[in-house]
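Per numbering that gives the first Met the number 0, the very first residue in the sequence shown carries number 0; after that it's consecutive.
Positions of the beta carbon are idealized from the N, C-alpha and C atoms, including for glycine.
Before any comments, here is the structure.
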Amino acid sequence: MKLSMRTAPLFAFVLIVAALGFALLNDPRKMPSQLIDKPVPGFELAGLVAGDGGLSSKDLTGGIKLVNIFASWCAGCRVEHPTLLRIQREGAIPLYGINWKDKPGDGLKWLKANRSPYLKVGDDMNGRLGIDLGVTGVPETFVIDRTGRIRYRHAGAVTDDVWAETFAPLLAALAKE
């Protein structure tokens, strides 16, 4: 099919609009994780402080747990931090942190300034574990079941509303399994 000089620009415009519409409608925060119901990838991360033991996939077995991916430069992480502190304070569920793609020392400074809600924190400075988990940005939070399988991925801030509407019912259901 031969395009005339008049229809070629129109055709190009329609293609560009379609591509932009597709990109806008496919929010990466709403994309399901390919790892749902699969085991957490094996990993060992250094801690934010030398000698503190870090975090490994072995820490995420034997009970229902949350893993929160955060960074000091992340605006959404600041939004969710009060909710994470409340979850930790109430002892609702063990909460582990992964500091993602932060400059050395920045994650630790941020946690010291704002208090850490995490039992353990691993340093994923190069983002390798984030790639293995399919992280598209921060914050992201994963629910891990008793067998070490990923049961849910939430992209975006965990606010009190998100906790009540999404996490609390899911955790109650997992507790019955």
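Note that the C-beta distance between residue 144 and residue 44 is not below 7 Å.
Its chain contains 54, 58, 59, 64, 65, 66, 67, 117, 118, 119, 120, 121 as the residues whose beta carbon lies nearer than 8 Å to that of residue 95, once the 5 sequence neighbours on both sides are disregarded; these appear in chain order.
Between the alpha carbons of residue 109 and residue 71 lies a distance of about 6 Å.
Rounded to whole angstroms, residue 38 and residue 62 show a C-alpha spacing of 13 Å.
Within the DSSP secondary-structure output, residue 99 pairs in a beta bridge with 123.
Going by beta carbons, residue 79 and residue 156 fall inside the 7 Å limit. Here residue 164 has no same chain residue with a Cβ atom under 7 Å from its own Cβ, once five neighbours each way along the sequence are excluded. Between the alpha carbons of residue 125 and residue 99 lies a gap of roughly 8 Å. The secondary-structure analysis by DSSP pairs residue 65 across a beta bridge with 94, 142.
By the neighbour-count criterion, in which 16 or more other beta carbons inside 10 Å mark a residue as buried, residue 134 falls on the buried side. A buried status is given to residue 101, since no fewer than 16 other beta-carbon atoms sit within 10 Å of its beta-carbon. With contacts defined by Cβ atoms closer than 7 Å, residue 130 and residue 35 do not form a contacting pair.
Just so you know, the alpha carbons of residue 46 and residue 170 end up roughly 27 Å apart.
The three-state reading of DSSP puts residue 114 in coil, since its state is none of H, G, I, E or B. C-alpha of residue 73 to C-alpha of residue 139: approximately 11 Å in a straight line. The beta carbons of residue 151 and residue 142 sit about 4 Å from each other, so the pair counts as a contact at 8 Å.
Under DSSP, residue 43 shares a beta bridge with 55.
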